[in-house]
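**Student:** Below: one structure in C-alpha coordinates.
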Amino acid sequence: MAILRAVFFDAAGTLFDARQPVGGTYARLAREFGLEVSEAAVTAGFGRAFGNSPELAFGKGHSEVHLRDLERAWWKAVVARTFEELGDFPRFDDFFEALFAFFADPKHWRVDREATAAMHRLKERGLQLGVISNFDFRLYQILEDLELKPHFDSITISSQAGFAKPRREVFEAALAKHGLRPAEALHVGDSVRLDFEAAAAVGMSAALVDRGLASPVSIEDRRARIRSLAYLKEVTQVLDSA
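In the working numbering, the protein residues as written are 101 to 342.
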(Lines of atoms letter the chains of each structure in order from A; the text may use other names.)
(Lines give C-alpha, C1' and ligand atoms only; values in the text may rest on other atoms or scores of the structure.)
Protein backbone atom coordinates (compact mmCIF):
# COMPACT_ATOMS: atom_id res chain seq x y z
CA MET A 101 0.00 0.00 0.00
CA ALA A 102 1.39 3.41 -1.01
CA ILE A 103 1.80 6.15 1.58
CA LEU A 104 -0.84 8.87 1.31
CA ARG A 105 0.79 12.09 0.14
CA ALA A 106 -2.05 14.32 -1.05
CA VAL A 107 -5.74 15.02 -0.61
CA PHE A 108 -7.79 16.55 -3.41
CA PHE A 109 -11.17 18.21 -2.97
CA ASP A 110 -14.16 18.93 -5.12
CA ALA A 111 -15.14 22.60 -4.78
CA ALA A 112 -18.85 23.58 -4.84
CA GLY A 113 -20.93 21.32 -2.63
CA THR A 114 -17.86 20.10 -0.76
CA LEU A 115 -15.71 23.05 0.32
CA PHE A 116 -18.40 25.69 -0.10
CA ASP A 117 -22.00 26.01 -1.20
CA ALA A 118 -24.46 28.66 -2.37
CA ARG A 119 -26.01 30.66 0.45
CA GLN A 120 -29.43 30.44 -1.21
CA PRO A 121 -30.96 27.66 -3.34
CA VAL A 122 -29.85 28.04 -6.95
CA GLY A 123 -33.40 27.77 -8.29
CA GLY A 124 -34.55 30.51 -5.94
CA THR A 125 -31.77 32.83 -7.08
CA TYR A 126 -32.53 32.18 -10.75
CA ALA A 127 -36.24 32.84 -10.19
CA ARG A 128 -35.72 36.01 -8.14
CA LEU A 129 -33.34 37.54 -10.68
CA ALA A 130 -35.63 36.52 -13.55
CA ARG A 131 -38.49 38.43 -11.92
CA GLU A 132 -36.23 41.47 -11.62
CA PHE A 133 -35.76 41.29 -15.38
CA GLY A 134 -39.43 40.96 -16.19
CA LEU A 135 -40.23 37.24 -16.19
CA GLU A 136 -42.70 36.05 -13.55
CA VAL A 137 -41.77 32.49 -12.75
CA SER A 138 -41.86 30.21 -9.73
CA GLU A 139 -38.82 28.81 -7.95
CA ALA A 140 -40.15 25.28 -8.41
CA ALA A 141 -40.47 25.68 -12.18
CA VAL A 142 -36.99 27.14 -12.50
CA THR A 143 -35.46 24.47 -10.27
CA ALA A 144 -37.00 21.74 -12.42
CA GLY A 145 -35.90 23.47 -15.62
CA PHE A 146 -32.36 23.92 -14.37
CA GLY A 147 -32.14 20.28 -13.32
CA ARG A 148 -33.12 19.15 -16.81
CA ALA A 149 -30.87 21.65 -18.58
CA PHE A 150 -27.80 21.03 -16.46
CA GLY A 151 -28.24 17.27 -16.44
CA ASN A 152 -28.46 17.12 -20.23
CA SER A 153 -25.55 19.47 -20.93
CA PRO A 154 -22.20 18.39 -22.35
CA GLU A 155 -19.23 18.47 -20.00
CA LEU A 156 -17.68 21.84 -19.15
CA ALA A 157 -14.49 21.06 -21.06
CA PHE A 158 -13.41 21.87 -24.58
CA GLY A 159 -10.28 19.88 -25.30
CA LYS A 160 -6.72 21.15 -25.44
CA GLY A 161 -5.11 24.09 -27.20
CA HIS A 162 -7.30 27.03 -26.16
CA SER A 163 -5.97 30.27 -24.71
CA GLU A 164 -7.26 31.31 -21.29
CA VAL A 165 -9.16 34.20 -22.88
CA HIS A 166 -10.87 31.83 -25.30
CA LEU A 167 -11.62 29.36 -22.49
CA ARG A 168 -13.39 32.08 -20.53
CA ASP A 169 -15.52 32.86 -23.58
CA LEU A 170 -16.30 29.17 -24.05
CA GLU A 171 -17.25 28.79 -20.39
CA ARG A 172 -19.57 31.79 -20.51
CA ALA A 173 -21.20 30.49 -23.70
CA TRP A 174 -21.62 27.06 -22.06
CA TRP A 175 -23.38 28.57 -19.07
CA LYS A 176 -25.53 30.83 -21.24
CA ALA A 177 -26.75 27.78 -23.15
CA VAL A 178 -27.58 25.96 -19.88
CA VAL A 179 -29.49 28.95 -18.54
CA ALA A 180 -31.32 29.46 -21.85
CA ARG A 181 -32.50 25.84 -21.78
CA THR A 182 -33.58 26.32 -18.17
CA PHE A 183 -36.05 29.01 -19.24
CA GLU A 184 -37.00 27.80 -22.72
CA GLU A 185 -40.41 26.50 -21.62
CA LEU A 186 -41.11 29.18 -19.02
CA GLY A 187 -42.32 32.00 -21.23
CA ASP A 188 -41.04 34.82 -23.42
CA PHE A 189 -37.98 36.46 -21.86
CA PRO A 190 -37.05 39.63 -23.82
CA ARG A 191 -34.40 40.70 -21.32
CA PHE A 192 -32.71 37.33 -21.13
CA ASP A 193 -29.27 38.63 -22.14
CA ASP A 194 -29.29 41.27 -19.40
CA PHE A 195 -30.56 38.69 -16.92
CA PHE A 196 -27.79 36.26 -17.80
CA GLU A 197 -25.09 38.88 -17.30
CA ALA A 198 -26.48 39.68 -13.85
CA LEU A 199 -26.76 35.98 -12.99
CA PHE A 200 -23.22 35.18 -14.09
CA ALA A 201 -21.87 38.07 -12.02
CA PHE A 202 -23.99 37.03 -9.02
CA PHE A 203 -22.37 33.60 -8.80
CA ALA A 204 -18.91 35.12 -9.30
CA ASP A 205 -19.38 37.12 -6.09
CA PRO A 206 -18.01 35.26 -3.06
CA LYS A 207 -20.52 36.87 -0.72
CA HIS A 208 -23.15 34.58 -2.25
CA TRP A 209 -21.19 31.48 -1.21
CA ARG A 210 -20.46 30.10 2.26
CA VAL A 211 -17.56 27.94 3.35
CA ASP A 212 -18.36 24.55 4.84
CA ARG A 213 -18.02 25.00 8.58
CA GLU A 214 -15.54 22.13 8.91
CA ALA A 215 -13.44 22.90 5.82
CA THR A 216 -10.79 25.24 7.20
CA ALA A 217 -10.07 23.20 10.32
CA ALA A 218 -9.97 19.98 8.29
CA MET A 219 -7.42 21.41 5.88
CA HIS A 220 -5.26 22.71 8.73
CA ARG A 221 -5.19 19.22 10.23
CA LEU A 222 -4.24 17.66 6.90
CA LYS A 223 -1.47 20.20 6.35
CA GLU A 224 -0.14 19.48 9.84
CA ARG A 225 0.24 15.85 8.76
CA GLY A 226 2.42 17.02 5.87
CA LEU A 227 -0.14 16.29 3.16
CA GLN A 228 -0.32 18.25 -0.06
CA LEU A 229 -3.76 19.65 -0.91
CA GLY A 230 -5.42 20.27 -4.25
CA VAL A 231 -8.75 21.03 -5.90
CA ILE A 232 -10.27 19.07 -8.78
CA SER A 233 -13.44 20.76 -9.98
CA ASN A 234 -15.84 21.11 -12.89
CA PHE A 235 -16.33 24.76 -11.88
CA ASP A 236 -15.21 27.49 -14.29
CA PHE A 237 -12.62 30.29 -14.03
CA ARG A 238 -14.69 32.10 -11.43
CA LEU A 239 -13.53 29.46 -8.96
CA TYR A 240 -10.10 31.06 -8.55
CA GLN A 241 -11.46 34.35 -7.25
CA ILE A 242 -14.12 32.64 -5.14
CA LEU A 243 -11.49 30.50 -3.41
CA GLU A 244 -9.30 33.56 -2.92
CA ASP A 245 -12.04 35.71 -1.42
CA LEU A 246 -13.34 32.90 0.78
CA GLU A 247 -9.76 32.58 2.12
CA LEU A 248 -9.50 28.98 0.93
CA LYS A 249 -6.98 29.36 -1.88
CA PRO A 250 -3.85 29.63 0.33
CA HIS A 251 -4.48 26.09 1.61
CA PHE A 252 -4.02 24.54 -1.83
CA ASP A 253 -0.88 23.51 -3.66
CA SER A 254 -2.78 23.11 -6.94
CA ILE A 255 -6.16 23.90 -8.50
CA THR A 256 -7.35 21.91 -11.50
CA ILE A 257 -10.54 22.92 -13.31
CA SER A 258 -12.10 20.97 -16.13
CA SER A 259 -11.87 23.62 -18.84
CA GLN A 260 -8.13 24.07 -18.35
CA ALA A 261 -7.51 20.33 -18.11
CA GLY A 262 -9.50 19.77 -21.29
CA PHE A 263 -11.62 17.11 -19.60
CA ALA A 264 -14.28 17.13 -16.88
CA LYS A 265 -15.05 14.73 -14.06
CA PRO A 266 -15.79 11.82 -14.21
CA ARG A 267 -13.17 11.51 -16.99
CA ARG A 268 -9.94 10.01 -15.70
CA GLU A 269 -7.87 12.61 -17.57
CA VAL A 270 -8.81 15.45 -15.21
CA PHE A 271 -7.69 13.40 -12.20
CA GLU A 272 -4.48 12.45 -13.99
CA ALA A 273 -3.81 16.12 -14.78
CA ALA A 274 -4.16 17.01 -11.10
CA LEU A 275 -1.92 14.15 -9.97
CA ALA A 276 0.74 15.13 -12.51
CA LYS A 277 1.03 18.59 -10.92
CA HIS A 278 2.18 16.86 -7.73
CA GLY A 279 4.20 14.10 -9.37
CA LEU A 280 2.04 11.48 -7.68
CA ARG A 281 0.65 8.07 -8.52
CA PRO A 282 -3.11 7.56 -7.98
CA ALA A 283 -2.51 5.27 -5.00
CA GLU A 284 -0.75 8.13 -3.20
CA ALA A 285 -3.80 10.40 -3.22
CA LEU A 286 -7.29 10.70 -1.76
CA HIS A 287 -10.11 12.56 -3.50
CA VAL A 288 -12.99 14.02 -1.48
CA GLY A 289 -16.32 15.12 -2.95
CA ASP A 290 -20.08 15.09 -2.62
CA SER A 291 -21.00 13.35 -5.90
CA VAL A 292 -21.12 9.57 -6.12
CA ARG A 293 -20.56 9.55 -9.88
CA LEU A 294 -18.27 12.55 -10.41
CA ASP A 295 -16.11 12.21 -7.31
CA PHE A 296 -16.42 8.93 -5.42
CA GLU A 297 -16.69 6.40 -8.24
CA ALA A 298 -14.57 8.39 -10.70
CA ALA A 299 -11.61 8.79 -8.34
CA ALA A 300 -11.74 5.12 -7.34
CA ALA A 301 -11.76 4.12 -11.01
CA VAL A 302 -8.50 5.99 -11.52
CA GLY A 303 -6.94 4.15 -8.58
CA MET A 304 -7.17 6.91 -5.97
CA SER A 305 -8.62 6.50 -2.52
CA ALA A 306 -12.04 8.16 -2.40
CA ALA A 307 -14.18 9.80 0.27
CA LEU A 308 -17.82 10.71 -0.27
CA VAL A 309 -19.21 13.57 1.80
CA ASP A 310 -22.75 12.48 2.67
CA ARG A 311 -24.18 14.91 5.21
CA GLY A 312 -27.22 12.68 5.75
CA LEU A 313 -25.11 9.69 6.77
CA ALA A 314 -26.35 7.93 9.91
CA SER A 315 -22.87 7.06 11.19
CA PRO A 316 -20.08 9.67 11.20
CA VAL A 317 -17.67 7.65 9.08
CA SER A 318 -17.36 4.28 7.36
CA ILE A 319 -14.28 3.00 5.54
CA GLU A 320 -13.91 -0.08 3.37
CA ASP A 321 -11.18 -0.93 0.89
CA ARG A 322 -9.82 2.63 0.41
CA ARG A 323 -13.33 4.02 0.05
CA ALA A 324 -14.82 6.14 2.81
CA ARG A 325 -18.15 7.78 3.47
CA ILE A 326 -18.10 10.69 5.91
CA ARG A 327 -20.83 12.83 7.42
CA SER A 328 -18.62 15.92 7.40
CA LEU A 329 -15.11 17.06 6.55
CA ALA A 330 -14.31 16.85 10.26
CA TYR A 331 -13.73 13.10 9.83
CA LEU A 332 -11.09 13.40 7.11
CA LYS A 333 -8.18 13.14 9.53
CA GLU A 334 -9.53 9.80 10.73
CA VAL A 335 -9.87 8.62 7.13
CA THR A 336 -6.29 9.56 6.26
CA GLN A 337 -4.98 7.82 9.39
CA VAL A 338 -6.82 4.61 8.49
CA LEU A 339 -5.59 4.75 4.89
CA ASP A 340 -2.00 5.19 6.04
CA SER A 341 -2.23 2.25 8.41
CA ALA A 342 -3.89 -0.10 5.92
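Even for Gly, the Cβ is constructed at its ideal location relative to N, Cα and C.
Could you tell me whether the stretch 250 to 262 touches the stretch 128 to 141, where touching means 3 or more Cβ pairs closer than 8 angstroms?
**Tutor:** no
**Student:** Hey, A52 and S305 are a contact pair by Cβ (cut 8 angstroms); roughly how many whole angstroms apart?
**Tutor:** Residue 52 cannot be examined here, being either before or after the span of the chain that is shown, 101 to 342.
**Student:** What residue from R119, G230, G124 and A157 has the CA that sits closest to L280's CA?
**Tutor:** G230
**Student:** Can you tell me the Cβ-Cβ gap for L313 and R325, rounded? I've got them flagged as a contact below 8 angstroms.
**Tutor:** Yes, they are in contact, since the Cβ atoms of L313 and R325 sit about 6 angstroms apart, within 8 angstroms.
**Student:** Which same chain residues, not among the five before or five after R191, have their C-beta less than 7 angstroms away from its C-beta?
**Tutor:** Within the same chain, and ignoring the five residues on either side of R191 in sequence, the residues whose Cβ sits closer than 7 angstroms to its Cβ are F133 and G134.
**Student:** Going by the beta-carbon positions, is the gap between E334 and R105 smaller than 7 angstroms?
**Tutor:** E334 places its beta carbon 7 angstroms or farther from that of R105.
**Student:** Assess contact between the stretch 155 to 173 and the stretch 214 to 222, defined as three or more Cβ pairs (one per stretch) separated by less than 8 angstroms. Is contact present?
**Tutor:** no
**Student:** Where does I103 sit, in a helix, a strand or coil, going by DSSP?
**Tutor:** Coil, per DSSP.
**Student:** How about A261: is its C-beta nearer than 7 angstroms to some C-beta of chain D?
**Tutor:** Absent from the structure: chain D. Only one protein chain is present.
**Student:** Is it the case that the Cβ atoms of V179 and F203 are separated by a distance below 7 angstroms?
**Tutor:** no
**Student:** Which class does G303 belong to by DSSP, given the choice of helix, strand or coil?
**Tutor:** coil
**Student:** Quick check on F146: does DSSP put it in helix, strand or coil?
**Tutor:** In this structure, F146 counts as helix in the three-state DSSP scheme.
**Student:** In the DSSP assignment, what are the bridge partners of I319?
**Tutor:** Under DSSP, I319 forms a beta bridge with A324.
**Student:** Use the C-beta contact count for K265: other C-beta atoms within 10 angstroms, 16 or more gives buried, fewer gives exposed.
**Tutor:** buried
**Student:** Which two residues bound the contiguous alpha helix (DSSP H) that contains S341?
**Tutor:** L332 to S341
**Student:** With a cut-off of 8 angstroms on the beta carbons, I'd call F108 and V288 a contact; round off their distance for me.
**Tutor:** 7 angstroms
**Student:** Where do the N-terminal and C-terminal ends of the beta strand (DSSP E) with D117 fall, by residue?
**Tutor:** F116 to A118
**Student:** From V165 to A261, what distance separates their C-alpha atoms?
**Tutor:** Approximately 15 angstroms between the Cα atoms of the pair.
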